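A.B. asks:
2 protein chains.
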Amino acid sequence: MTDKAASTQTDGRILRGEATRERVLDAAERLFAAQGFDATSIRRIAAEAGVTLGVVGFHGGAKQDLIRTVLERRVEALNSKRRARLAELRAAGSPPALRDLVDAYLTPYLEYASQGDPQWRAYARLIARIVSDDRWYPAVGGLYDPVAREYLHAMQQARPDAAQQELATALTLTVASMLSLVASRARIAGLSGRDAGSPMDYRDTLITFCLGGIDAVSRAP
Amino acid sequence: MTDKAASTQTDGRILRGEATRERVLDAAERLFAAQGFDATSIRRIAAEAGVTLGVVGFHGGAKQDLIRTVLERRVEALNSKRRARLAELRAAGSPPALRDLVDAYLTPYLEYASQGDPQWRAYARLIARIVSDDRWYPAVGGLYDPVAREYLHAMQQARPDAAQQELATALTLTVASMLSLVASRARIAGLSGRDAGSPMDYRDTLITFCLGGIDAVSRAP
DNA sequence: GTCTATATGTAGATAGAC
DNA sequence: GTCTATCTACATATAGAC
Numbered sequence: 009m010t011d012k013a014a015s016t017q018t019d020g021r022i023l024r025g026e027a028t029r030e031r032v033l034d035a036a037e038r039l040f041a042a043q044g045f046d047a048t049s050i051r052r053i054a055a056e057a058g059v060t061l062g063v064v065g066f067h068g069g070a071k072q073d074l075i076r077t078v079l080e081r082r083v084e085a086l087n088s089k090r091r092a093r094l095a096e097l098r099a100a101g102s103p104p105a106l107r108d109l110v111d112a113y114l115t116p117y118l119e120y121a122s123q124g125d126p127q128w129r130a131y132a133r134l135i136a137r138i139v140s141d142d143r144w145y146p147a148v149g150g151l152y153d154p155v156a157r158e159y160l161h162a163m164q165q166a167r168p169d170a171a172q173q174e175l176a177t178a179l180t181l182t183v184a185s186m187l188s189l190v191a192s193r194a195r196i197a198g199l200s201g202r203d204a205g206s207p208m209d210y211r212d213t214l215i216t217f218c219l220g221g222i223d224a225v226s227r228a229p
Numbered sequence: 009m010t011d012k013a014a015s016t017q018t019d020g021r022i023l024r025g026e027a028t029r030e031r032v033l034d035a036a037e038r039l040f041a042a043q044g045f046d047a048t049s050i051r052r053i054a055a056e057a058g059v060t061l062g063v064v065g066f067h068g069g070a071k072q073d074l075i076r077t078v079l080e081r082r083v084e085a086l087n088s089k090r091r092a093r094l095a096e097l098r099a100a101g102s103p104p105a106l107r108d109l110v111d112a113y114l115t116p117y118l119e120y121a122s123q124g125d126p127q128w129r130a131y132a133r134l135i136a137r138i139v140s141d142d143r144w145y146p147a148v149g150g151l152y153d154p155v156a157r158e159y160l161h162a163m164q165q166a167r168p169d170a171a172q173q174e175l176a177t178a179l180t181l182t183v184a185s186m187l188s189l190v191a192s193r194a195r196i197a198g199l200s201g202r203d204a205g206s207p208m209d210y211r212d213t214l215i216t217f218c219l220g221g222i223d224a225v226s227r228a229p
């Protein structure tokens with residue numbers, strides 16, 4: 009959003025400013041993910057990043073700009089991974105199977121959410137928080153929806169006889185199930201009686217569940 | 009939680025105090041549901057209820073007590089409706105069918121969420137917000153989990169060969185799908201391209217989807 | 001780019017009059 | 001039961017020195 013920092017750089021070298029900026033965004037990402045937007049103060053972000061209050065304002069702008077910057081920083085990573093997997097499936101010839109489509113959409117996100125790097129885990133958690141909240145969706149849904157729509161079209165080609173609205177709904181329920189593995193770990197652990205492992209541990213079950221659901225919906229009268 | 013108000017009543021008559029208390033809890037319910045806990049100030053609740061700041065404190069106690077009181081006020085309505093439907097299915101003889109179990113668990117919630125009374129809609133929305141958030145689940149999960157576990161046991165009887173952990177996970181994904189119809193209306197509308205109707209409009213699709221998912225999971229090797 | 005300092009508003013909570 | 005008044009803390013945001 010604001011690139012005051014970068015605009016002072018005339019050559020390609022990255023100075024300490026870049027590193028500080030990353031630390032600020034990292035801290036914001038972790039705290040927004042863990043506690044939500046409203047419960048996270050800029051002061052706390054500054055403390056977590058080891059900078060002063062003014063520095064956060066300088067790099068992040070207003071609080072709402074800050075969270076957008078945090079999300080946008082990594083949005084292309086997830087989108088391009090999903091696009092690449094879809095392209096692979098298409099390159100393999102003939103319309104991709106439904107199961108492969110579901111796998112290709114869900115797995116990259118689960119991988120981020122289960123990755124060793126806590127920063128990527130925080131990003132995945134933040135997405136789950138923000139995208140499923142009606143208050144935030146208008147501001148950020150546009151970041152991820154285009155790719156989801158590409159998958160929806162591919163699914164419609166795989167199930168040409170299914171009602172399009174039903175298929176679209178099935179995809180939104182699939183996404184909700186996926187996000188819940190990251191956002192609702194405590195609920196899942198509490199109900200299933202075991203400590204929740206990493207989201208990737210649920211991958212097979214998730215894919216089976218969602219595929220079964222989509223299949224059932226696309227066969228319904 | 010705090011029943012200072014009621015404790016001053018020695019006979020059965022309900023004075024203005026009860027009505028005021030309800031107005032406070034109603035306002036809190038609406039605002040917590042619409043904006044979340046952290047974004048909602050007690051002052052705003054007071055304004056919405058048409059009372060002064062001190063009155064909210066008197067009836068609701070500290071902010072965290074207030075939201076618990078709001079949730080507990082109606083928890084029995086949902087729980088007993090689900091229990092009643094489960095009892096009906098059992099009374100009908102022989103283990104209930106999986107589809108009936110899914111229907112019986114999902115439908116009462118969707119009905120509340122789609123009801124004319126905006127107060128019940130707010131309650132449903134608040135549940136969706138709070139139960140899927142890891143930060144809140146420890147404080148409120150215990151309100152709804154016992155009934156969910158009864159359904160889980162019934163599901164295990166309907167699918168005795170399924171792995172228990174898989175079935176439990178399938179139920180948590182079912183719940184997540186259900187909650188998303190209430191909490192993530194904007195996402196659903198955005199992705200499916202139509203204005204989201206009421207959650208009940210999605211009931212058939214939701215049941216088909218979840219049943220297909222549970223079925224697939226409980227057949228998996 | 002980063003700091004300190006501060007302007008300005010709002011938060012939760014409660015004490016005490018009525 | 002309800003209101004007014006206020007305490008104390010913390011919030012966001014920015015101006016200006018370095």
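Sequence lines, in order, name chains U and Z. If you use my numbering, the first sequence corresponds to residues 9 to 229, in order. If you use my numbering, the second sequence corresponds to residues 9 to 229, in order. Don't be surprised by glycine CBs; every beta carbon is placed ideally from N, CA and C. Since we're looking at a predicted model, the values are computed, not measured.
#1: For the alpha helix (DSSP H) holding R91 (chain U), just list the boundary residues, first then last.
#2: Under the rule that 16 or more other beta-carbon atoms within 10 Å means buried, what is P154 (chain U), buried or exposed?
#3: Quick check on S185 (chain Z): buried or exposed, where buried means 16 or more other Cβ atoms within 10 Å of its Cβ?
#4: V63 (chain Z) to D212 (chain Z), Cα distance in whole Å?
#5: My output table needs one value for G205 (chain U): the three-state DSSP class, helix, strand or coil.
#6: Tell me the rounded alpha-carbon separation between P168 (chain U) and N87 (chain U).
#7: I'd like to know whether the C-beta atoms of L61 (chain U) and I50 (chain U) end up nearer to each other than 9 Å.
#8: Whose CA, out of Z:R195, Z:T177, Z:K89, lies closest to the CA of Y152 (chain Z)?
#9: Do the stretch 154-165 of chain U and the stretch 203-212 of chain Z make contact, defined as three or more Cβ pairs closer than 8 Å?
#10: Nearest chain Z C-beta to A132 (chain U) closer than 9 Å, yes or no?
#11: In whole angstroms, what separates the C-alpha of Y210 (chain Z) from that of E26 (chain U)?
#12: Chain U partners of D111 (chain Z), CB-CB under 9 Å?
#13: Would you check if the distance between the CB atom of L214 (chain Z) and the CB atom of L189 (chain Z) is smaller than 9 Å?
#14: Can you check whether the CB of A132 (chain U) is closer than 9 Å to the CB of V78 (chain U)?
#15: Can you tell which of U:A228, U:R193, U:F217, U:T216 has the C-alpha that lies nearest to the C-alpha of A42 (chain U)?
#16: Specify the secondary structure class of L42 (chain U) as computed by DSSP and reduced to three states.
#17: Suppose you measure from the CA of A191 (chain U) to the CA of L39 (chain U); what does that come to, to the nearest Å?
#18: What are the boundary residues of the alpha helix (DSSP H) that W128 (chain Z) is part of?
#19: Spatial neighbours of E119 (chain Z) within its chain, please: CB distance less than 8 Å, with the 5 preceding and 5 following residues excluded, ordered by chain position.
#20: In this structure, how does DSSP classify D169 (chain Z) when only helix, strand and coil are distinguished?
#21: Give the secondary structure of A112 (chain Z) by DSSP, where H, G and I count as helix, E and B as strand, and everything else as coil.
#22: Rounded to a whole number of angstroms, what is the C-alpha to C-alpha distance between I135 (chain Z) and A57 (chain Z)?
#23: Could you check what DSSP says for T28 (chain U) in three-state terms: helix, strand or coil?
#24: Please report how far the alpha carbon of L94 (chain Z) lies from the alpha carbon of T216 (chain U), in whole angstroms.
#25: Determine, using beta carbons only, whether V78 (chain Z) comes closer than 9 Å to chain U.
C.D. replies: By the coordinates alone:
#1: 71-99
#2: exposed
#3: buried
#4: 44 Å
#5: coil
#6: 25 Å
#7: yes
#8: Z:K89
#9: no
#10: no
#11: 47 Å
#12: Going along chain U, no residue has its Cβ under 9 Å from D111 (chain Z), so there is no contact; the nearest lies around 14 Å.
#13: yes
#14: no
#15: U:R193
#16: Just to set this straight, residue 42 (chain U) is Ala in the shown sequence, not Leu. Note: A42 (chain U) maps to helix in three-state DSSP.
#17: 14 Å
#18: 126-139
#19: M208
#20: coil
#21: helix
#22: 21 Å
#23: helix
#24: 27 Å
#25: no
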